[in-house]
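To keep things clear, I will list the structure first and then write my remarks on it.
Protein chains: 2
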Amino acid sequence: MSDTQRISRKFSQRAVMEAIVQGGPISRASIAKQTDLSKQTISEIVRQLELEGWIRETGRTSGHIGRTAVTYELIPDAAYIAAVDLGGTKVRVAIADLACHVFAEEVAPTDRRGGQFVVDQIAALCWQAAAAQNIPREKIRMAVVGAPGAPEQSTGRILMAPNIPGIQDMDVASALEKALGFDVTLENDVNLCVIGENWLGQGQGIDNLAYIAVGTGIGGGLMVNGQLVRGVGNAAGELGFLPFGAEPFDPESLRTGAYERVVASFGIIERYRRLVGEAATVPEIFEKAAAGDEKAATVLDETARLLAQGVAAIAAIANPQKVILGGSIGLREELVVRVRKFLPQCFPYPVEVETSVLGARAAIVGATAIGLSHLHNALFGADAPDSRMSLPPAETVSFKEAVR
Amino acid sequence: MSDTQRISRKFSQRAVMEAIVQGGPISRASIAKQTDLSKQTISEIVRQLELEGWIRETGRTSGHIGRTAVTYELIPDAAYIAAVDLGGTKVRVAIADLACHVFAEEVAPTDRRGGQFVVDQIAALCWQAAAAQNIPREKIRMAVVGAPGAPEQSTGRILMAPNIPGIQDMDVASALEKALGFDVTLENDVNLCVIGENWLGQGQGIDNLAYIAVGTGIGGGLMVNGQLVRGVGNAAGELGFLPFGAEPFDPESLRTGAYERVVASFGIIERYRRLVGEAATVPEIFEKAAAGDEKAATVLDETARLLAQGVAAIAAIANPQKVILGGSIGLREELVVRVRKFLPQCFPYPVEVETSVLGARAAIVGATAIGLSHLHNALFGADAPDSRMSLPPAETVSFKEAVR
DNA sequence: ATTAATTCGTTCTATCACCGAACTAAATCA
DNA sequence: TGATTTAGTTCGGTGATAGAACGAATTAAT
Chain A
1 MSDTQRISRK
11 FSQRAVMEAI
21 VQGGPISRAS
31 IAKQTDLSKQ
41 TISEIVRQLE
51 LEGWIRETGR
61 TSGHIGRTAV
71 TYELIPDAAY
81 IAAVDLGGTK
91 VRVAIADLAC
101 HVFAEEVAPT
111 DRRGGQFVVD
121 QIAALCWQAA
131 AAQNIPREKI
141 RMAVVGAPGA
151 PEQSTGRILM
161 APNIPGIQDM
171 DVASALEKAL
181 GFDVTLENDV
191 NLCVIGENWL
201 GQGQGIDNLA
211 YIAVGTGIGG
221 GLMVNGQLVR
231 GVGNAAGELG
241 FLPFGAEPFD
251 PESLRTGAYE
261 RVVASFGIIE
271 RYRRLVGEAA
281 TVPEIFEKAA
291 AGDEKAATVL
301 DETARLLAQG
311 VAAIAAIANP
321 QKVILGGSIG
331 LREELVVRVR
341 KFLPQCFPYP
351 VEVETSVLGA
361 RAAIVGATAI
371 GLSHLHNALF
381 GADAPDSRMS
391 LPPAETVSFK
401 EAVR
Chain B
1 MSDTQRISRK
11 FSQRAVMEAI
21 VQGGPISRAS
31 IAKQTDLSKQ
41 TISEIVRQLE
51 LEGWIRETGR
61 TSGHIGRTAV
71 TYELIPDAAY
81 IAAVDLGGTK
91 VRVAIADLAC
101 HVFAEEVAPT
111 DRRGGQFVVD
121 QIAALCWQAA
131 AAQNIPREKI
141 RMAVVGAPGA
151 PEQSTGRILM
161 APNIPGIQDM
171 DVASALEKAL
181 GFDVTLENDV
191 NLCVIGENWL
201 GQGQGIDNLA
211 YIAVGTGIGG
221 GLMVNGQLVR
231 GVGNAAGELG
241 FLPFGAEPFD
251 PESLRTGAYE
261 RVVASFGIIE
271 RYRRLVGEAA
281 TVPEIFEKAA
291 AGDEKAATVL
301 DETARLLAQG
311 VAAIAAIANP
321 QKVILGGSIG
331 LREELVVRVR
341 KFLPQCFPYP
351 VEVETSVLGA
361 RAAIVGATAI
371 GLSHLHNALF
381 GADAPDSRMS
391 LPPAETVSFK
401 EAVR
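Now the structure itself:
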């Protein structure tokens with residue numbers, strides 16, 4: 001058989017799958033119209049997809065004029081993926097099916113012993129989640145793991161990962177693949193957040209999008225033309241090292257970035273201590289500001305001014321349409337309001353600034369997006385690496401809350 | 001005929017064309033090996049391409065064992081493109097053929113009357129350049145015009161274009177298309193520089209690349225995963241508004257960016273004036289520094305420190321492999337050496353910093369790259385918008401100096 | 001209730017792009 | 001001179017798809 005013919009068939013198959021994934025239960029005639037393929041071709045492909053166990057008959061149309069049509073839909077439990085958000089304090093695992101329904105989200109405190117223990121913990125949580133919904137292990141095809149730092153796809157290592165002991169020098173991807181028995185993709189957690197927000201959150205339909213996570217540290221994720229910006233060493237989005245805030249040429253700024261030192265939690269606490277003379281945690285500072293404490297408000301103002309500068313820097317370089325703030329600190333509405341006020345004072349073009357709607361779950365939503373996208377691509381996709389298998393629209397996706 | 005079949009054929013045709021473009025004179029058997037298509041298919045496609053006037057026989061191989069092979073090559077004068085670099089002081093026009101040979105580069109001072117006069121000037125230069133090489137007008141298929149500011153593809157207007165009077169509110173693209181009689185693509189000049197350097201300059205084979213042009217102003221071009229970053233309002237790369245250097249919240253910084261004010265020519269001159277107490281032009285300052293003037297050297301040091309910060313900002317956000325400095329000031333070797341010294345003092349990961357090798361011609365090289373790429377795509381390309389028709393490798397391209 | 005209109009899905013035939021194998025042609029090697 | 005090697009063609013065959021015709025099933029209209 002010809003090679004190009006094989007590709008041609010895959011293309012058509014993919015188009016059909018996409019129509020079914022996106023269009024819910026749909027008749028063959030409708031698929032033909034949508035895809036511009038002829039009716040018999042659709043029939044043939046549908047027959048094959050049904051045979052292979054990816055789709056099934058749903059029922060028949062009725063009420064319209066003309067003959068009733070048989071409708072088809074995805075078999076949601078034909079395959080599953082695992083989405084993992086590995087943080088310094090918590091591990092989050094979710095299992096999602098082909099139709100993008102998410103079951104069984106499990107959360108647990110990260111195993112403090114680090115290294116292999118964390119790997120085993122992730123595996124255990126996966127099996128636990130799967131078991132909770134009676135999902136057979138073999139049906140899970142791949143996992144996407146989000147982690148802080150710069151995961152290297154090639155070596156499977158996570159560079160510059162803070163907060164998790166003992167994984168600096170281990171091949172996390174391989175270890176996980178061994179423990180789980182299927183493919184594992186590593187990705188930076190903030191990158192997953194952008195993807196998550198782009199799929200189901202604040203950034204729907206926005207192809208030029210940035211995400212800034214502010215918490216104990218600061219990190220950024222950037223999407224350009226619908227593609228993730230990873231950079232050469234996967235170090236794109238290391239916003240902590242933006243050369244302002246603290247003095248960038250201070251040697252200390254090479255260890256903890258000049259920007260991170262002043263804008264993340266440590267900087268906020270320090271600013272409050274200097275101004276007031278006593279210590280307070282970040283949530284306390286927010287509370288005081290809400291209660292009318294002017295000095296606390298000043299601290300937040302100053303923080304927001306710095307954040308606005310960060311947004312301006314991103315906008316000056318990449319000019320995204322929207323910047324989403326996330327992370328425990330970035331999520332605070334009081335802060336975003338202030339950033340919106342300060343930004344036009346230091347940057348002349350309009351940039352939308354919003355808080356993340358997915359919050360702490362942004363990363364796992366993003367991991368799910370990548371996982372399903374990979375899976376769809378692997379099963380039905382073209383071979384082009386940048387081909388984006390479009391995921392179902394937000395309305396049809398159920399991301400139900402996990403049992404705690 | 002089937003639609004997918006048509007696509008399939010285009011794919012194959014394109015593959016053949018690519019092999020011919022890249023591989024110089026090449027036999028059908030070799031093309032078959034390279035493309036993994038069968039010999040007869042190649043023969044068929046080659047026959048058609050020859051019939052359509054895109055390729056021609058070149059000669060025969062000899063010296064090898066086995067039967068001699070007929071070799072084919074591109075007919076370089078089958079089509080031409082015009083590349084235009086429209087600057088505040090100079091207009092540059094080049095005509096290039098399908099094989100990426102550039103003829104007839106014309107340079108002239110930009111018509112000071114602006115607006116339609118500039119449009120007419122560009123057209124005149126095009127015809128002049130074409131006439132100089134006896135190229136019939138009809139064979140020019142399209143033009144790519146690089147200009148400062150943010151060219152909007154949709155409206156054909158150039159927003160925020162400094163230095164050129166009377167084109168703020170005119171549809172430059174349409175006016176040019178009317179004057180020239182073929183398609184015109186507008187692009188930011190610094191964006192063209194990145195593309196140019198990526199094709200024939202310092203950035204060959206580097207898909208994550210940044211270009212900083214420092215002159216009377218400052219601008220940046222960014223390439224991520226081989227794609228240009230334009231941003232929503234085509235305002236990506238407006239580095240002048242990076243929020244450091246001068247005080248970003250100073251209202252003046254909204255007009256002339258905080259960074260631009262201190263790092264571009266005005267800032268350098270000002271810095272010298274403050275330190276020494278007398279005025280000097282930028283070239284003079286460089287001369288003095290070269291002659292051993294310590295204060296002039298200090299001014300350059302300070303400028304380089306600021307530039308290093310700019311590079312750091314780009315690296316923190318997008319993490320390109322290399323940053324190329326260009327523009328009348330950025331090209332100075334003395335400056336780059338200093339930037340290389342300062343960068344590691346404010347940014348922890350390695351970033352290569354180089355001067356542009358294409359210099360003032362970077363934009364026109366980039367325009368040529370885009371033009372030829374578009375043309376190849378239009379003629380033989382797949383319909384995918386992001387498909388990159390690969391241009392011939394640097395060695396085979398002759399970018400001969402223009403007659404002045 | 002019968003007929004008309006409409007849509008669904010299949011069957012049948014044709015076309016197109018391509019491959020593989022066999023074959024011819026022309027060169028070098030020994 | 002024949003063996004070897006490579007180039008290119010001819011011929012038959014196959015897979016993916018289209019288009020037209022047709023039967024099937026339904027609603028709307030009379």
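Line order of the protein sequences matches chains A and B. Take the first sequence: its letters are residues 1 to 404, numbered as in the UniProt record's numbering. Take the second sequence: its letters are residues 1 to 404, numbered as in the UniProt record's numbering. Heads up, the beta-carbon is just placed ideally off N, CA and C, and yes, glycines get one too.
What's the gap between the Cα of residue i and the Cα of residue j?
| i | j | result |
| --- | --- | --- |
| residue 40 of chain B | residue 22 of chain B | 21 Å |
| residue 168 of chain B | residue 123 of chain B | 19 Å |
| residue 107 of chain B | residue 194 of chain B | 21 Å |
| residue 218 of chain A | residue 237 of chain A | 9 Å |
| residue 327 of chain A | residue 151 of chain A | 19 Å |
| residue 262 of chain A | residue 293 of chain A | 21 Å |
| residue 26 of chain A | residue 49 of chain A | 14 Å |
| residue 121 of chain B | residue 184 of chain B | 15 Å |
| residue 401 of chain B | residue 373 of chain B | Its pLDDT being 45, under 50, residue 401 of chain B is placed unreliably in this model, and the value from its coordinates should be taken loosely. Going from the Cα of residue 401 of chain B to the Cα of residue 373 of chain B covers about 22 Å. |
| residue 275 of chain B | residue 20 of chain B | 59 Å |
| residue 62 of chain A | residue 101 of chain A | 27 Å |
Cutting at 8 Å between CB atoms, please list the residues of its own chain near residue i, excluding the five before and the five after it.
| i | result |
| --- | --- |
| residue 201 of chain A | 324, 356, 357, 358, 362, 365 |
| residue 127 of chain A | 137 |
| residue 318 of chain A | 208, 210, 222, 224, 229 |
| residue 345 of chain B | 308 |
Beta-carbon within less than 6 Å of residue i's beta-carbon, same chain only, minus the 5 sequence neighbours each way: which residues are those?
| i | result |
| --- | --- |
| residue 146 of chain B | 85, 187, 189, 192, 363, 367 |
| residue 230 of chain B | 236 |
For residue i, collect the residues of the same chain with a Cβ closer than 7 Å to its Cβ; drop the 5 residues on either side in sequence, then sort them by chain order.
| i | result |
| --- | --- |
| residue 206 of chain B | 198, 321, 322 |
| residue 8 of chain A | none |
| residue 53 of chain A | 75, 78 |
| residue 12 of chain A | 37, 41, 45 |
Is it true that the CB of residue j sits closer than 8 Å to the CB of residue i?
| i | j | result |
| --- | --- | --- |
| residue 69 of chain A | residue 60 of chain A | yes |
| residue 241 of chain A | residue 316 of chain B | yes |
| residue 203 of chain B | residue 209 of chain B | yes |
| residue 110 of chain A | residue 90 of chain A | yes |
| residue 267 of chain A | residue 81 of chain A | no |
| residue 143 of chain B | residue 98 of chain B | no |
| residue 79 of chain A | residue 139 of chain A | yes |
| residue 88 of chain B | residue 166 of chain B | no |
| residue 83 of chain B | residue 104 of chain B | no |
| residue 243 of chain A | residue 246 of chain B | no |
| residue 331 of chain A | residue 308 of chain A | no |
| residue 310 of chain A | residue 212 of chain A | yes |
| residue 351 of chain B | residue 336 of chain B | no |
| residue 179 of chain A | residue 119 of chain A | yes |
Take residue i as the anchor and find which of the options has the nearest alpha-carbon.
| i | options | result |
| --- | --- | --- |
| residue 299 of chain A | A:142, A:334, A:318 | A:334 |
| residue 96 of chain B | B:64, B:12, B:375 | B:375 |
| residue 265 of chain B | B:284, B:343, B:252, B:276 | B:284 |
| residue 163 of chain A | A:226, A:29, A:112 | A:112 |
| residue 47 of chain A | A:63, A:73, A:65 | A:73 |
| residue 256 of chain B | A:348, A:20, A:156 | A:348 |
| residue 302 of chain B | B:338, B:233, B:65 | B:338 |
| residue 155 of chain A | A:148, A:170, A:149, A:141 | A:170 |
| chain B contacts from the segment 329-353 of chain A (Cβ-Cβ distance under 9 Å) | Of all residues in the segment 329-353 of chain A, the ones placed with a Cβ closer than 9 Å to any Cβ belonging to chain B are 342, 344, 345, 346, 347, 348, 349, 350, 351, in chain order.
| said: Give me the subset of the segment 311-327 of chain B whose CB atoms are less than 8 Å from a CB atom of chain A, sorted by chain position. | reply: Per Cβ criterion, the list reads 312, 313, 314, 315, 316, 317, 318, 319, 320, 321.
| Residues in the segment 268-292 of chain B having any Cβ partner in chain A nearer than 8 Å | none
| query | Which of the residues in the segment 212-229 of chain A, read from start to end, lie with their CB under 9 Å from any CB of chain B? | reply | 220, 222, 224, 225, 227, 228, 229
| task | Could you list the residues in the segment 242-255 of chain B with a C-beta less than 7 Å from some C-beta on chain A, going in chain order? | result | Taking 7 Å as the upper bound on Cβ-Cβ separation, chain A lies near residues 242, 243, 244, 248, 249, 253, 254 of the segment 242-255 of chain B.
| Closer than 8 Å, Cβ to any Cβ of chain A: which residues of the segment 88-104 of chain B, in chain order? | When CB distances to chain A are screened at a threshold of 8 Å, not a single residue of the segment 88-104 of chain B falls below it.
| Against chain B: residues of the segment 146-166 of chain A by CB proximity under 8 Å | Residues: none.
| task | Mind checking the segment 1-30 of chain A against chain B and listing, in chain order, the residues whose C-beta falls within less than 8 Å of any C-beta there? | result | Answer set for the segment 1-30 of chain A: 3, 4, 5, 7, 8, 11, 12.
| Listed from N- to C-terminal order along the chain, which residues in the segment 197-213 of chain B have their beta-carbon within a distance smaller than 7 Å of any beta-carbon of chain A? | Listed by position, the residues of the segment 197-213 of chain B near chain A (Cβ gap below 7 Å) are 208.
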